[in-house]
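Read through the structure below, which is laid out as structure tokens, and then see the notes.
In this note's numbering, the protein residues as written are 47 to 158.
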């Protein structure tokens, strides 16, 4: 019996504490590529002069991470997974002003 997408267990460890892995289903991943908006660059540049958190970029990256994780969960759900172990999130620059956020892990079915 698989879990719903909203209840997918995601851990960064290689195992789920107190649970036994019954089956390894394979690598799952989700990614998104986002570009900055010119207006955001202007506001961020001004904020850089006075210091502090650049909230516009933080918000952009937070949304990107959530979308990448959601896509990873969708892939795990399609495989019939109960959980994703060894989950990681990675960011890389594609070009000036555009970044990829990649979420990946191992989809597993837990012993019930």
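Ideal placement from N, C-alpha and C gives every residue a C-beta, glycine not left out.
May I ask you to report which of helix, strand or coil DSSP gives residue 102?
-> Indexing the chain shown from 1 puts residue 102 at position 56. Three-state DSSP puts residue 102 in a helix.
If you run the structure through DSSP and keep just helix, strand and coil, what is residue 108?
-> Along the chain shown, one-based indexing puts residue 108 at 62. In the structure shown, residue 108 sits in a helix (DSSP, three-state: H, G or I).
Around the C-beta of residue 140, are 16 or more other C-beta atoms found within 10 angstroms, so that it is buried, or is it exposed?
-> Taking the first residue of the chain shown as 1, we reach residue 140 at position 94. Result: exposed.
Which of the three DSSP states, helix, strand or coil, is assigned to residue 118?
-> Here residue 118 is taken as the residue at index 72 of the chain shown, counted from 1. Here residue 118 sits in helix by DSSP.
Mapping DSSP to helix, strand and coil, what is residue 124?
-> Position 78 of the chain shown, counted from the start, is the residue given in the question as residue 124. It is helical.
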